[in-house]
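Colleague: FYI, the numbering for the sequence shown is 1 to 447, going by the numbering used here.
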Amino acid sequence: MQEYKAHSALQDNAGDAGRIEKKAILAASIGTALEWYDVLLFLTFSLQISRLFFPAANSWISLLATVGTFAVSYVMKPVGALVLSSYADRVSRKSALTATLSLMAIGIGITAFAPSFASIGLSATVIMIVARCVQGFSSGGEYGASTAFLVERSPAAHRGFYASFNIAALGFSSVLAGIAGMLVSGLLTPDQVLDWGWRLPFIFGLCVVPVALYLRRAVPDLDTSQRRMPRSPIREAVAGHKRYLLLGIGAFALVTVANYCLAFYLPTYAVRNLGLPPVSAFSGTLLIGAIQTVLAPFFGALSDRYGRTPIMLFASLGLAVMAVPCFLVLVGHPTVVTLLVSQAVLGTILTAYQAPMPALLCDLFPASLRATGVAIVHDFTATVLGGFTPFAVTFAIGMTGNNLIPGIYVAIAATLSLGCIWTIRSMSYAVRSSHILPSCAPSELLR
Numbered sequence: 001m002q003e004y005k006a007h008s009a010l011q012d013n014a015g016d017a018g019r020i021e022k023k024a025i026l027a028a029s030i031g032t033a034l035e036w037y038d039v040l041l042f043l044t045f046s047l048q049i050s051r052l053f054f055p056a057a058n059s060w061i062s063l064l065a066t067v068g069t070f071a072v073s074y075v076m077k078p079v080g081a082l083v084l085s086s087y088a089d090r091v092s093r094k095s096a097l098t099a100t101l102s103l104m105a106i107g108i109g110i111t112a113f114a115p116s117f118a119s120i121g122l123s124a125t126v127i128m129i130v131a132r133c134v135q136g137f138s139s140g141g142e143y144g145a146s147t148a149f150l151v152e153r154s155p156a157a158h159r160g161f162y163a164s165f166n167i168a169a170l171g172f173s174s175v176l177a178g179i180a181g182m183l184v185s186g187l188l189t190p191d192q193v194l195d196w197g198w199r200l201p202f203i204f205g206l207c208v209v210p211v212a213l214y215l216r217r218a219v220p221d222l223d224t225s226q227r228r229m230p231r232s233p234i235r236e237a238v239a240g241h242k243r244y245l246l247l248g249i250g251a252f253a254l255v256t257v258a259n260y261c262l263a264f265y266l267p268t269y270a271v272r273n274l275g276l277p278p279v280s281a282f283s284g285t286l287l288i289g290a291i292q293t294v295l296a297p298f299f300g301a302l303s304d305r306y307g308r309t310p311i312m313l314f315a316s317l318g319l320a321v322m323a324v325p326c327f328l329v330l331v332g333h334p335t336v337v338t339l340l341v342s343q344a345v346l347g348t349i350l351t352a353y354q355a356p357m358p359a360l361l362c363d364l365f366p367a368s369l370r371a372t373g374v375a376i377v378h379d380f381t382a383t384v385l386g387g388f389t390p391f392a393v394t395f396a397i398g399m400t401g402n403n404l405i406p407g408i409y410v411a412i413a414a415t416l417s418l419g420c421i422w423t424i425r426s427m428s429y430a431v432r433s434s435h436i437l438p439s440c441a442p443s444e445l446l447r
């Protein structure tokens with residue numbers, strides 16, 4: 001009888017753990033999805049926002065001002081990363097994630113309801129810049145804390161699978177943004193989209209916030225009594241793990257550049273530079289988001305079985321080789337079919353590369369510094385490369401007239417990241433032998 005009760009108790013605990021794991025995936029992923037949904041919407045409707053909040057005699061200058069504001073918001077990401085992720089390591093992952101979501105809601109709300117330049121003049125421009133800075137600050141703390149939140153609730157042998165749901169959430173946000181763009185552009189006239197239609201998807205995102213907050217508060221926080229709570233996670237991460245921070249930044253460069261060139265900036269690029277209709281352009285974003293949503297867990301699980309670095313090496317090499325040819329075909333034959341085919345090819349390779357990335361980054365840092373280390377890598381890379389990618393691509397195309405610029409940009413980033421992943425793989429013996437590995441990763445992860 002006692003054995004039966006003990007067995008039942010174990011089954012109940014296993015069931016509770018399974019339910020908590022599912023809740024943790026949803027709680028972490030919904031915030032990540034909302035963060036990127038907001039980012040994608042800003043880029044999706046950048047042409048309308050440029051006319052309403054950054055009017056200029058030259059439409060190219062107006063668009064540059066808009067994507068420049070987007071870049072300025074990314075300057076706040078490292079600040080948010082240092083403040084909020086440090087809080088996650090010192091106090092609680094769950095509390096940090098609740099704070100990031102609340103700030104995110106403020107940024108989305110201001111963006112959705114900001115009056116235009118025609119209504120209040122320059123103040124409208126300032127309000128929009130403030131909104132993007134708030135969003136940048138909040139998103140700076142999201143990735144590191146949510147990735148650590150997921151990894152620490154997953155079995156060690158399945159970290160790649162669990163952590164890849166952050167990438168699936170990114171893909172899902174692309175799907176939502178793509179659907180929103182297609183509906184708004186397809187059902188409303190251009191004047192209606194400009195007047196008020198572009199605000200509707202932001203308002204929808206704002207309505208999701210209460211659900212996301214409830215989910216995050218419903219997941220119990222982990223017992224941190226056995227984990228060392230650092231007094232200064234930032235100082236310890238920078239002082240003790242410079243090599244891994246630099247390699248992580250180099251490895252993450254491809255994720256940042258490729259996502260912005262292939263998905264986030266695509267609608268603006270396809271409409272303005274290739275002359276495709278808006279609905280067709282949004283279909284490309286929708287496709288790459290669907291690929292990420294469906295295939296990210298598959299590639300994450302694959303990395304649990306065969307190791308992170310082998311999969312990422314093949315994928316980065318694939319992007320280095322295929323990016324320019326795919327854009328060459330697209331520019332030479334700018335049709336919906338070539339757009340979708342190029343997106344399918346590059347999107348699948350990109351997903352194979354980025355799905356193992358969250359777990360790889362967590363493997364490089366001890367539990368006490370995990371949120372801070374991952375956030376520094378993610379958000380400093382996003383600031384230097386991601387936030388300025390739309391600006392750089394727009395500027396380069398305007399100066400050179402070369403519509404292959406996005407493909408060239410991706411190929412360069414892929415080459416850089418390929419070298420960093422190879423270095424991480426080559427250092428695997430040193431990583432296995434260091435004090436880092438026993439505290440954060442099974443020995444096979446950096447094969």
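Cβ atoms here follow ideal geometry from the backbone N, Cα and C, with glycine treated the same way.
Can you look up Phe365 in the DSSP assignment and give me helix, strand or coil?
Modeller: coil
Colleague: When DSSP labels each residue in this structure, what does Ala355 get in the three-state scheme?
Modeller: coil
Colleague: Beta-carbon separation of Ala99 and Gly144 under 8 Å?
Modeller: no
Colleague: Return the chain-ordered list of same chain residues with a C-beta closer than 7 Å to the C-beta of Gly197, the five sequence neighbours on each side being excluded.
Modeller: Val184, Leu188
Colleague: Please state whether DSSP places Ala114 in a helix, a strand or coil.
Modeller: coil
Colleague: When the Cβ atoms of the stretch 281–296 are set against those of the stretch 347–356, are three or more pairs found closer than 8 Å?
Modeller: Because the criterion of three Cβ pairs below 8 Å is met, the stretch 281–296 and the stretch 347–356 touch.
Colleague: Looking at the structure shown, is Thr189 part of a helix, part of a strand, or coil, going by DSSP?
Modeller: In this structure, Thr189 counts as coil in the three-state DSSP scheme.
Colleague: Run through the stretch 194–219 for me and flag every whole alpha helix (DSSP H) of 4 or more residues, listed as ranges in chain order.
Modeller: 199–218
Colleague: Which same chain residues, not among the five before or five after Gly407, have their C-beta less than 6 Å away from its C-beta?
Modeller: Ala323, Val324, Phe327
Colleague: Which two residues bound the contiguous alpha helix (DSSP H) that contains Phe137?
Modeller: Phe137 -> alpha helix (DSSP H) spans 122–140.
Colleague: Using beta-carbon positions only, say whether Thr111 and Phe117 come within less than 8 Å of one another.
Modeller: no
Colleague: Using the C-alpha atoms, what's the distance from Ala114 back to Asp191?
Modeller: 18 Å
Colleague: Once the 5 residues before and after Met427 are set aside, which same chain residues still bring their CB inside 6 Å of it?
Modeller: Contacts found: none.
Colleague: With distances taken between CB atoms, is the gap from Ser50 to Ala65 smaller than 8 Å?
Modeller: yes
Colleague: Counting Cβ pairs closer than 8 Å, one from the stretch 161–169 and one from the stretch 351–367, do we hit at least three?
Modeller: yes
Colleague: Between Ala27 and Leu254, how many whole angstroms is the CB-CB distance? I'm expecting something under 8 Å.
Modeller: Incorrect: roughly 28 Å between the Cβ atoms, too far for contact.
Colleague: Starting from Gly419 and walking both ways along the alpha helix (DSSP H), at which residues does that stretch end?
Modeller: 405–426
Colleague: Considering just the uninterrupted stretch of the alpha helix (DSSP H) at His378, what are its terminal residues?
Modeller: Here the alpha helix (DSSP H) through His378 covers 370–381.
Colleague: Which of the three DSSP states, helix, strand or coil, is assigned to Phe388?
Modeller: DSSP places Phe388 in coil when its eight states are reduced to three.
Colleague: Since Arg235 is in the alpha helix (DSSP H), which residue starts that stretch and which ends it?
Modeller: 233–240
Colleague: Which value, in whole angstroms, describes the spacing of the CA atoms of Ala258 and Ser119?
Modeller: 37 Å
Colleague: Identify the continuous alpha helix (DSSP H) that holds Pro325 and give its terminal residues.
Modeller: 308–332
Colleague: Suppose only complete runs of 4+ residues qualify. What are the alpha helix (DSSP H) ranges in the stretch 234–301, listed by chain order?
Modeller: 242–259, 266–272
Colleague: Thinking C-alpha only, which one of Thr335, Ala367, Leu319 is nearest Val345?
Modeller: Leu319
Colleague: Give the secondary structure of Arg153 by DSSP, where H, G and I count as helix, E and B as strand, and everything else as coil.
Modeller: coil
Colleague: Quick one: grab the DSSP three-state call for Gly31.
Modeller: helix
Colleague: On the three-state DSSP scale, how would you describe Val345?
Modeller: helix
Colleague: Give me the Cα-Cα distance between Gly141 and Ser85, rounded to the nearest whole angstrom.
Modeller: 5 Å
Colleague: In angstroms, rounded to a whole number, what distance separates the CA positions of Ser417 and Leu340?
Modeller: 25 Å
Colleague: Please classify Leu122 as buried or exposed, where buried requires at least 16 other C-beta atoms within 10 Å of its C-beta.
Modeller: exposed
Colleague: Which of the three DSSP states is assigned to Val91 in this structure?
Modeller: coil
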